[in-house]
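Residue numbers (the working numbering): 19 to 322.
Please read the structure below before turning to the comments.
What follows is the structure in structure tokens.
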């Protein structure tokens, strides 16, 4: 075990339980905002939706594995990168896509369906790519990672709150209209507060071990998503949605899985925790740049 793996974020069982509740609230808030029209609009272009989901759950985890082999970070950091790449899209991706003048309906559909697929795909990707990553084998032998137990855990964290939110939105639409914004904003603030407090005592480790790694990993996610959409000849607005969906991960779920199945291993935890901050910074920066260039103008310039 290396020095970075001895680092422990400022979490205890009570804090972890609260983080589980916060993530549940995030998923509940996402479900409150879902409307049938969102899916109908995206299903009119099923090809773009399929490419976004393939990019998120297949291409990005594969690209992450190649990046890990290229960078050769410490095993726990590499395994943390693999775990983060296996997580579904983060809920802020819809806001960032809208701000970037991307296809918001497509973004909502990708993030929602990626969350539903994550019940199976997250444990599957962690097990598959983790097994292929030879340097992490000593770690995997020391911990108990049952894919079926992880699947159940992901279902409880994602599936139940989504189902509850959809039920409440359909049953009590007036309450839903009032609760949407506070639920979304409150859960995001709580999560960021958790991450900042957890990292507060470990900035030196972040600077020494994961700052550049997370920057390159997140950049590869954004680039992979855009390149896949570009190669698939999607519209510019769709390319932006797919790029942001690949680059914004539900790192809160990643942290919970790390503490529940990997005993809060330092290298993995710091990667996931810093992702929780950095992907917002990077995503907001990219969205700000894209917001100055309407997709129609970009498309017209390329066709000229």
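Don't be surprised by glycine CBs; every beta carbon is placed ideally from N, CA and C.
For residue i, which residues in the same chain have their Cβ closer than 6 Å to its Cβ, ignoring the five residues on either side in sequence?
i           : result
residue 78  : 103, 239, 242 and 264
residue 101 : 144 and 272
residue 183 : 46, 49 and 50
residue 91  : 231
residue 83  : 147
residue 89  : none
residue 255 : 120, 121 and 313
Is it the case that the Cβ atoms of residue i and residue j are separated by a distance below 8 Å?
i           : j           : result
residue 285 : residue 94  : yes
residue 141 : residue 99  : no
residue 181 : residue 50  : no
residue 244 : residue 257 : yes
residue 132 : residue 262 : no
residue 234 : residue 85  : yes
residue 250 : residue 119 : no
residue 151 : residue 96  : yes
residue 324 : residue 269 : A query on residue 324 cannot be resolved here, the shown segment of the chain reaching from 19 to 322 and no further.
With 16 other CB atoms within 10 Å as the buried threshold, where does residue i fall?
i           : result
residue 105 : buried
residue 179 : buried
residue 274 : buried
residue 35  : exposed
residue 174 : exposed
residue 66  : buried
residue 190 : exposed
residue 71  : buried
residue 87  : exposed
residue 207 : exposed
residue 195 : exposed
residue 43  : buried
residue 277 : buried
residue 149 : exposed
residue 200 : exposed
How far does the alpha helix (DSSP H) with residue i in it extend, from its first residue to its last?
i           : result
residue 129 : 122 to 150
residue 93  : 93 to 103
residue 110 : Where residue 110 is concerned, there is no enclosing alpha helix (DSSP H), given that its DSSP letter is neither H nor E.
residue 90  : It is not in any alpha helix (DSSP H) - residue 90 carries neither H nor E in the DSSP assignment.
residue 186 : 178 to 189
residue 4   : A question about residue 4 goes unanswered here, because the residues of the chain that appear run from 19 up to 322.
residue 118 : Here residue 118 belongs to no alpha helix (DSSP H), and DSSP marks it neither H nor E.
residue 65  : 64 to 72
Using C-beta distances below 7 Å, list every residue in its chain close to residue i, excluding the 5 sequence neighbours before and after it, in chain order.
i           : result
residue 322 : Because residue 322 carries a pLDDT of 46, less than 50, the predicted location of this residue cannot be relied on, and no value is offered for it.
residue 116 : 122
residue 306 : none
residue 246 : 69, 73, 77 and 260
residue 266 : 107, 108, 110, 111, 114, 297 and 301
residue 314 : none
residue 312 : 119
residue 38  : 175 and 274
residue 138 : 169
residue 248 : 257
residue 177 : 137
residue 154 : 93, 96, 97 and 148
Return the chain-ordered list of same chain residues with a C-beta closer than 8 Å to the C-beta of residue i, the five sequence neighbours on each side being excluded.
i           : result
residue 236 : 265, 293, 296, 297 and 300
residue 172 : 136, 137, 140, 141, 271 and 275
residue 229 : 292
residue 61  : 67 and 127
residue 157 : 93, 94, 97, 280 and 283
For a test of your reading of the model: does the CB of residue i fall under 7 Å from any non-hydrogen atom of the ligand HEM? Yes or no.
i           : result
residue 303 : This structure does not include the ligand HEM; it has no bound ligands of any sort.
Report the start-end ranges of each alpha helix (DSSP H) in the region 244 to 305 that is 4 residues or longer and not cut off at the edges. As far as the region 244 to 305 is concerned, its whole alpha helix (DSSP H) runs of at least 4 residues are 254 to 265 and 269 to 279.
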